[in-house]
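Below is one structure, written out as structure tokens; the observations come after it.
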Amino acid sequence: MKQMLKLTVLIIALFSFRAYSQNYPEMIAVEGGTFIMGDAFGVGNKDEKPTHSVILKSFKIAKTEATVAQYRTYCDAIGVKMPEPPKWGWQDDAPIVNVSWDDAVAYCKWLSNELKRDYSLPSEAEWEFSARGGNKSLGYSYSGCNDLEEVAWYTSNSGGQANLVMKKKPNELGLYDMSGNVWEFCLDWYNEKYYTDATVSNPKGPETGNSRVLRGGCWSQGDALCRVAARNSHSTDCRHLNIGFRVISHE
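For the sequence shown, position 213 matches number 212 in numbering that gives the first Met the number 0, and the numbering has no gaps at all.
Take a look at the structure:
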């Protein structure tokens, strides 16, 4: 009888965790440290240079890109419609797309109030440190491997759409899809020349700009843009079927 009760409790706990992870992001701790940011291999664009040392304090980052199910929880809670669905339709465990930077920030504010923690988009430096594997980094070109096929959905294998999260190999921190699948908005304004005079400690990017940083590459583009050092950007109101986001939290 006691064994049956324990089994029942375990099953309930597992289902409860599954429901929680579908509704809210699962967070991975990233210990603070120092790393070299930018194109260390000499294969990137000029906005990835010069390489420079960055110091970051500890934070937590979502294990996956924000999913359709997680974003639907937010939309239902505040009483708004979901974004326009992509051509392949909505799948709960696929990354949310067709959301703007403004939409992502609004989601973070709602999540902060909902869970009583400080959630936001990652700074560009926090994103790159996480993609590289933090203090566990093995120095890969892509997030978790030098073989892009193992870790990413990109133009050669995606089938022309965003794919379900956690179907490829994670990186050294246990993070999925930091290379490929969908571009991820960062907190920072974008400036092509920012690295020439970047802040060393906990940088937050330029004070002003015309577009926000995108990182990670996506399902519709090639290997060069899936590198952990590759940079891109788009306007704050842009919504596209290859752009999503991932959240971080600070204690």
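Yeah, the Cβ is synthetic: ideal placement off N, Cα and C, and Gly gets one too.
Beta-carbon spacing of residue i, residue j below 9 Å
i, j, result
"serine 129", "methionine 177", "yes"
"tyrosine 189", "glycine 208", "yes"
"aspartate 236", "tryptophan 100", "yes"
"leucine 120", "alanine 93", "no"
"tyrosine 118", "valine 246", "yes"
"valine 29", "isoleucine 242", "no"
"glutamate 123", "glycine 204", "yes"
"lysine 168", "glycine 179", "no"
"arginine 211", "cysteine 185", "yes"
"tyrosine 153", "glycine 216", "yes"
"valine 199", "isoleucine 35", "no"
"lysine 80", "glutamine 160", "no"
"glutamate 64", "glutamate 183", "yes"
"lysine 45", "histidine 249", "no"
"threonine 72", "tyrosine 141", "no"
"asparagine 170", "tryptophan 218", "no"
Helix, strand or coil at residue i [DSSP, three-state]
i, result
"threonine 221", "Inspection of the sequence shows that residue 221 is occupied by glycine rather than by threonine. It is coil, neither helix nor strand."
"phenylalanine 16", "Because the pLDDT at phenylalanine 16 is just 44, under 50, the model does not fix this residue reliably, and the value given afterwards should be weighed accordingly. Helix, per DSSP."
"tryptophan 152", "coil"
"glutamate 206", "coil"
"asparagine 231", "strand"
"serine 287", "Nothing can be reported for residue 287, as the shown portion of the chain is limited to 0 through 250."
"aspartate 236", "coil"
"glutamate 183", "strand"
"histidine 249", "strand"
"threonine 195", "helix"
"leucine 4", "For leucine 4, the pLDDT reaches just 49, beneath the cut-off of 50, and the residue's location in the model is therefore unreliable, although a value from the coordinates is still provided. Three-state DSSP puts leucine 4 in a helix."
"serine 142", "coil"
"serine 200", "strand"
"lysine 59", "strand"
"leucine 213", "strand"
"alanine 103", "helix"
Neighbour-count burial assignment, residue i, 16 or more Cβ in a 10 Å radius
i, result
"proline 84", "exposed"
"phenylalanine 252", "As shown, the chain starts at 0 and ends at 250. That puts residue 252 outside it, with no answer to give."
"leucine 114", "exposed"
"leucine 172", "buried"
"glycine 158", "exposed"
"glycine 43", "buried"
"arginine 116", "exposed"
"alanine 76", "exposed"
"leucine 9", "With a pLDDT of only 45 at leucine 9, under 50, the local geometry of the prediction cannot be trusted, and the value read off the model is given with reservation. It counts as exposed."
"glutamate 191", "exposed"
"aspartate 196", "exposed"
"valine 181", "buried"
"alanine 229", "buried"
"valine 67", "buried"
"proline 202", "buried"
"serine 15", "Here the model assigns serine 15 a pLDDT of 42, short of 50, so the residue's position is not dependable and the matter cannot be decided."
"aspartate 187", "buried"
"glutamate 127", "buried"
Segments of 3+ residues assigned as beta strand (DSSP E) that fall wholly inside the segment 68-100: Complete beta strand (DSSP E) runs here, min 3: none at all.
Three-pair Cβ contact test at 8 Å for the segment 140-151 versus the segment 54-74: No, because fewer than three Cβ pairs between the segment 140-151 and the segment 54-74 fall closer than 8 Å, the two stretches do not touch.
Minimum length 3: unbroken beta strand (DSSP E) runs contained in the segment 105-135: Counting whole runs of 3 or more residues, the segment 105-135 contains the beta strand (DSSP E) stretches 117-119.
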